[in-house]
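Undergrad:
There are 2 protein chains.
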Amino acid sequence: MNIVFDKIITIFHRSVNNQYDPDCSLPNKSASSVRQKCRFMKEKKEDRRISRTRKLMHEALMSLIMEKGYEDITVQDILDRADAGRSTFYAHYRDKDELLLSSFEHLRDLFEQQQQALFASRNTGQDPEVNIILELFRHTGEHHKLYKAIAGKKSGEMILKYLHRYLKNLLIVPVAKLMKSRKSPPVPIEITTHYLVSSLISLITWWLDNNMPYSAEKMDEIFRILTTSSIEAAFGNNKEINGYDIFSNRHPEGSVKAFYSNFIDRNCCPEQ
Amino acid sequence: MNIVFDKIITIFHRSVNNQYDPDCSLPNKSASSVRQKCRFMKEKKEDRRISRTRKLMHEALMSLIMEKGYEDITVQDILDRADAGRSTFYAHYRDKDELLLSSFEHLRDLFEQQQQALFASRNTGQDPEVNIILELFRHTGEHHKLYKAIAGKKSGEMILKYLHRYLKNLLIVPVAKLMKSRKSPPVPIEITTHYLVSSLISLITWWLDNNMPYSAEKMDEIFRILTTSSIEAAFGNNKEINGYDIFSNRHPEGSVKAFYSNFIDRNCCPEQ
DNA sequence: TCGATAATGAACATTGTGTTCGATAAAATA
DNA sequence: TATTTTATCGAACACAATGTTCATTATCGA
């Protein structure tokens, strides 16, 4: 019943390593933080004071967000809680937003590391069995206090935009591949991907706003119920099922491990 | 093919007058502006100076938004362009956001007036033939400069939230009615309405962000393609089509005109 | 014309931002 | 350990924008 969607998930898993939009990592500002992370990964050296300071800032921001929400936090608040000097903050981040984004990247990394571990544990030489959507709901649920304090607020827009781009980035290649086999789909490809991502995000935010009255599993099920038929309709009737044969179920080249080692690398140092 | 959706639209038309969430009008702040509008509608008297000032502020804000976007506008900018005194501004609005919301209500009123006119002109004694979704796209297209300058920005969140509540308000009753005929729909009612509204808004913002590459008609069609099957799936299989018979096509009591006179009234003075 | 009321604009207090710089502390390095 | 390098500190500062106050002036409705 959900073949169409499962197919997309599979291909989306598979092709995630083939492209990486550098712009996805951060909206526009903090190329600095990315660069610092790169330096760290490459040279394996970083002044302890730096990591200590950044860690303190992170923790301060996170705890403050959960207390009073992002909007009401002032730089001084962060400084007080982190017990750091004013100039220190500005030596690391351009402004409050950059710190928030940087913290958010941490969460993203955490999520991807978890996924990778999960994936490795389930790897039986076959294609991945990990349901990304479900895992995404689980991850959101685990950190619901944080996400709730951010999403829906004014500045949540920034984060949601970021999330949108991130997810879209993961979806656009597989969807485009599937679409290519269709002559002229009734709904343009870009719209379909945008629609899917928006749907997912809307369910996540609803879930958070309403104090997660259902399990992550239920939300995953709901998402599938709502979008599966949309995808089918977007492809046009049912003929596209033949098109799927182009994509075999086996991983084309190399092992899944090799695939996922790429997956990890892509989280650091996008060439720009 | 689109019977399900058309049914919803129809019932949604019909029941729009039966409820009005006062909270929908404005997030939390400007109860003042609402009150002023009410006074204006009821007593038919308002100092010319007041309306003149408010009009100037509106126009200043709108032109500034289209020039530099909402974020970069300062109160002083508005004052300069409107050629008004600082204290005058604060006598009318709590802050910039309140002015924006107030301006937005103007747009909403405009939209609803247009709808009402359109509806009256097509009223042949039958049920309405107006496609709200299409009209919404048209209206957005007409004012695309404004909407584009707002949506997607940080503060656009506020407006989008507003729009979300507004549309949801229109949808929730008809959807709930339809749902009631089902024993236990696979997707909870609130999620379905939230999902539908989010989908609509996501298409609108995509349309704006990409400089409206398709006609409003095409977007309306796309929306239907994507959501029709979702609605069907949310109801559960196809049995619900029988449930529709509960709702006759005729307006239960009174004429359509009577219905729409209610529709107009509800835009003013929600009891609170 | 007159009483009421809205607009004016300058002055002000306040808050938060982002920068600068010499002194200090703590790392890395040899 | 001694030396060099580098991060942190913190107070001071300039600045931008907010929102308030109030005596004065202009404009309105009747």
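For the protein sequence lines, the chains are A and B, in the order given. Under my numbering, think of the first position of the first sequence as 1, with each following residue one higher. Under my numbering, think of the first position of the second sequence as 1001, with each following residue one higher. No residue lacks a Cβ here, since even glycine has one placed at the ideal position from N, Cα and C.
Buried or exposed: which applies to D1083 (chain B), given that a residue is buried once 16 or more other Cβ atoms fall within 10 Å of its Cβ?
TA: Along the second sequence, read from residue 1 onward, the residue named residue 1083 (chain B) stands at position 83. D1083 (chain B) is exposed by the Cβ-count criterion.
Undergrad: Taking all protein chains shown into account, do 16 or more other C-beta atoms lie within 10 angstroms of the C-beta of H1143 (chain B), making it buried, or fewer, making it exposed?
TA: Taking the first residue of the second sequence as position 1, residue 1143 (chain B) is located at position 143. With fewer than 16 Cβ atoms within 10 Å of its Cβ, H1143 (chain B) is classed as exposed.
Undergrad: Please confirm whether T227 (chain A) and S199 (chain A) have their CB atoms less than 7 angstroms apart.
TA: Against the first sequence, residue 227 (chain A) aligns to sequence position 227. Against the first sequence, residue 199 (chain A) aligns to sequence position 199. Their beta carbons are under 7 angstroms apart, which means T227 (chain A) touches S199 (chain A) by this criterion.
Undergrad: Can you pull the chain B neighbours of A233 (chain A), defined as C-beta to C-beta under 8 angstroms?
TA: Against the first sequence, residue 233 (chain A) aligns to sequence position 233. Result: I1225, L1226, T1228 and S1229.
Undergrad: Thinking C-alpha only, which one of B:I1050, B:L1107 and B:M1219 is nearest Y1166 (chain B)?
TA: Taking the first residue of the second sequence as position 1, residue 1166 (chain B) is located at position 166. Closest option to Y1166 (chain B), Cα to Cα, is B:L1107.
Undergrad: I need the DSSP call for S1184 (chain B), collapsed to helix, strand or coil.
TA: Here residue 1184 (chain B) is taken as the residue at index 184 of the second sequence, counted from 1. Coil, per DSSP.
Undergrad: Judging by CA-CA distance, which residue of B:I1222, B:D1109 and B:Y1195 is the nearest neighbour of I222 (chain A)?
TA: Within the first sequence, the letter at position 222 stands for residue 222 (chain A). Here the closest residue by C-alpha is B:Y1195.
Undergrad: Put D1097 (chain B) into one of helix, strand or coil per three-state DSSP.
TA: Within the second sequence, numbered from 1, the residue matching residue 1097 (chain B) stands at position 97. Of the three classes helix, strand and coil, the one that applies to D1097 (chain B) here is helix, per DSSP.
Undergrad: My output table needs one value for E1112 (chain B): the three-state DSSP class, helix, strand or coil.
TA: Residue mapping note: residue 1112 (chain B) aligns to position 112 of the second sequence, counting from 1. Note: E1112 (chain B) maps to helix in three-state DSSP.
Undergrad: So, A1216 (chain B) versus G1141 (chain B), is the Cβ gap smaller than 7 angstroms?
TA: Residue mapping note: residue 1216 (chain B) aligns to position 216 of the second sequence, counting from 1. Residue mapping note: residue 1141 (chain B) aligns to position 141 of the second sequence, counting from 1. Contact: yes.
Undergrad: Identify, in the order they occur along the chain, each residue of the same chain with its Cβ nearer than 7 angstroms to the Cβ of M1066 (chain B), setting aside the five sequence neighbours on each side.
TA: In the second sequence, residue 1066 (chain B) corresponds to position 66, counting from 1. So the list reads K1145, L1146 and A1149, once near-sequence residues are dropped.
Undergrad: Note down, in chain order, each residue of its chain lying with its Cβ closer than 8 angstroms to the Cβ of L1118 (chain B), except the 5 sequence neighbours on either side.
TA: The count along the second sequence starts at 1 and reaches residue 1118 (chain B) at position 118. The residues are V1130 and E1135.
Undergrad: When the Cα atoms are used, what is the spatial distance from I204 (chain A) to N211 (chain A)?
TA: Residue numbering aside, residue 204 (chain A) sits at position 204 when the first sequence is read from its first letter. Residue numbering aside, residue 211 (chain A) sits at position 211 when the first sequence is read from its first letter. Approximately 11 angstroms between the Cα atoms of the pair.
Undergrad: Over what stretch of residues does the alpha helix (DSSP H) that includes D209 (chain A) continue unbroken?
TA: Here residue 209 (chain A) refers to the residue found at position 209 of the first sequence. Where D209 (chain A) is concerned, the enclosing alpha helix (DSSP H) stretches over I189 to D209.
Undergrad: Can you pull the chain A residues whose beta carbon is under 7 angstroms from the beta carbon of Y1070 (chain B), in chain order?
TA: The count along the second sequence starts at 1 and reaches residue 1070 (chain B) at position 70. Ordered by position in chain A, no residue passes the 7 angstroms Cβ test against Y1070 (chain B), which lies about 12 angstroms from the chain.
Undergrad: Distance check for A1151 (chain B) and L1160 (chain B), CA to CA, integer angstroms please.
TA: Residue mapping note: residue 1160 (chain B) aligns to position 160 of the second sequence, counting from 1. Residue mapping note: residue 1151 (chain B) aligns to position 151 of the second sequence, counting from 1. Spanning the two alpha carbons is a distance of roughly 7 angstroms.
Undergrad: Rounded to the nearest angstrom, what separates L1101 (chain B) and L163 (chain A) at their Cα positions?
TA: Here residue 1101 (chain B) refers to the residue found at position 101 of the second sequence. Here residue 163 (chain A) refers to the residue found at position 163 of the first sequence. L1101 (chain B) and L163 (chain A) have their C-alpha atoms roughly 27 angstroms apart.
Undergrad: Does the separation of the CB atoms of P186 (chain A) and I1231 (chain B) fall below 7 angstroms?
TA: The residue labelled residue 186 (chain A) in the question sits at position 186 within the first sequence. The residue labelled residue 1231 (chain B) in the question sits at position 231 within the second sequence. No, Cβ-Cβ distance for P186 (chain A) and I1231 (chain B) is not below 7 angstroms.
Undergrad: Can you check whether the C-beta of P1185 (chain B) is within less than 7 angstroms of a C-beta belonging to chain A?
TA: The residue given as residue 1185 (chain B) occupies position 185 in the second sequence. P1185 (chain B) does not count as touching chain A.
Undergrad: Please classify T74 (chain A): does DSSP put it in a helix, a strand, or coil?
TA: Within the first sequence, the letter at position 74 stands for residue 74 (chain A). In the structure shown, T74 (chain A) sits in coil (DSSP, three-state: anything other than H, G, I, E or B).
Undergrad: Output the distance between the C-alpha atoms of Y1214 (chain B) and F1137 (chain B), rounded to the nearest integer angstrom.
TA: Working through the second sequence from its first residue, we reach residue 1214 (chain B) at position 214. Working through the second sequence from its first residue, we reach residue 1137 (chain B) at position 137. Each residue's Cα considered, the two are about 11 angstroms apart.
Undergrad: Using only the alpha-carbon positions, how far apart do R1086 (chain B) and Q1076 (chain B) sit?
TA: One-based indexing of the second sequence puts residue 1086 (chain B) at position 86. One-based indexing of the second sequence puts residue 1076 (chain B) at position 76. For R1086 (chain B) and Q1076 (chain B), the distance between alpha carbons rounds to 8 angstroms.
Undergrad: Please return the same chain residues whose Cβ sits closer than 6 angstroms to the Cβ of S184 (chain A), not counting the five positions on each side in sequence.
TA: As a working note, residue 184 (chain A) is residue 184 in the first sequence. Closer than 6 angstroms at Cβ, skipping near neighbours: no residue.
Undergrad: Who are the Cβ neighbours of Q1115 (chain B) in its own chain at under 7 angstroms, not counting the five residues just before and after it?
TA: Taking the first residue of the second sequence as position 1, residue 1115 (chain B) is located at position 115. Closer than 7 angstroms at the Cβ level, and outside the excluded window around Q1115 (chain B), lie V1130 and E1135.
Undergrad: Quick check: the Cα distance between R1052 (chain B) and T88 (chain A), rounded to an integer number of angstroms?
TA: What you label residue 1052 (chain B) is simply residue 52 of the second sequence in a count that begins at 1. What you label residue 88 (chain A) is simply residue 88 of the first sequence in a count that begins at 1. Cα-Cα distance, rounded: 50 angstroms.
Undergrad: Which residues in chain B have a C-beta closer than 7 angstroms to the C-beta of S202 (chain A)? List them in chain order.
TA: Taking the first residue of the first sequence as position 1, residue 202 (chain A) is located at position 202. Chain B residues near S202 (chain A): H1194, Y1195 and S1198.
Undergrad: Quick check: what's the CA-CA separation for T1074 (chain B) versus K1096 (chain B)?
TA: Walking along the second sequence from the start, residue 1074 (chain B) turns up at place 74. Walking along the second sequence from the start, residue 1096 (chain B) turns up at place 96. Spanning the two alpha carbons is a distance of roughly 8 angstroms.
Undergrad: How big is the Cα-Cα spacing for I172 (chain A) and L1171 (chain B)?
TA: Residue mapping note: residue 172 (chain A) aligns to position 172 of the first sequence, counting from 1. Residue mapping note: residue 1171 (chain B) aligns to position 171 of the second sequence, counting from 1. If you take the alpha carbons of I172 (chain A) and L1171 (chain B), they lie about 31 angstroms apart.
Undergrad: Considering H1143 (chain B), what are the terminal residues of the alpha helix (DSSP H) in which it resides?
TA: Counting from one through the second sequence, the residue named residue 1143 (chain B) turns up at place 143. It is not in any alpha helix (DSSP H) - H1143 (chain B) carries neither H nor E in the DSSP assignment.
Undergrad: Going by beta carbon distance, what residues of the same chain come within less than 8 angstroms of D220 (chain A), once the five residues before and after it are set aside?
TA: Against the first sequence, residue 220 (chain A) aligns to sequence position 220. Within the same chain, D220 (chain A) has close Cβ partners N131, I133, L134 and F137.
Undergrad: So, helix, strand or coil for D80 (chain A), using DSSP?
TA: Within the first sequence, numbered from 1, the residue matching residue 80 (chain A) stands at position 80. It is helical.
Undergrad: Whose Cβ in chain B lies nearer than 9 angstroms to the Cβ of I50 (chain A)?
TA: Your numbering for residue 50 (chain A) matches position 50 in the first sequence. Scanning chain B for C-beta atoms nearer than 9 angstroms to the C-beta of I50 (chain A) yields nothing, as the closest lies near 29 angstroms away.
Undergrad: Run down chain B in chain order and give the residues with a C-beta less than 7 angstroms from the C-beta of I222 (chain A).
TA: The residue labelled residue 222 (chain A) in the question sits at position 222 within the first sequence. Going along chain B in sequence order, the residues near I222 (chain A) (Cβ under 7 angstroms) are V1187 and I1191.
Undergrad: In chain order, what residues of the same chain lie with their CB nearer than 7 angstroms to the CB of Y1090 (chain B), ignoring the 5 residues before and after it?
TA: Along the second sequence, one-based indexing puts residue 1090 (chain B) at 90. Excluding residues within five positions, none has a Cβ falling inside 7 angstroms.
Undergrad: When DSSP labels each residue in this structure, what does N1131 (chain B) get in the three-state scheme?
TA: Residue 1131 (chain B) sits at position 131 when you count from the first residue of the second sequence. Coil, per DSSP.
Undergrad: Since I believe F1111 (chain B) is in contact with H1092 (chain B) (beta carbons under 8 angstroms), could you give me their beta-carbon distance rounded to a whole number of angstroms?
TA: Sequence index remark: in the second sequence, residue 1092 (chain B) carries index 92 (1-based). Sequence index remark: in the second sequence, residue 1111 (chain B) carries index 111 (1-based). Actually they are not in contact, since the Cβ atoms of H1092 (chain B) and F1111 (chain B) sit about 23 angstroms apart, beyond 8 angstroms.
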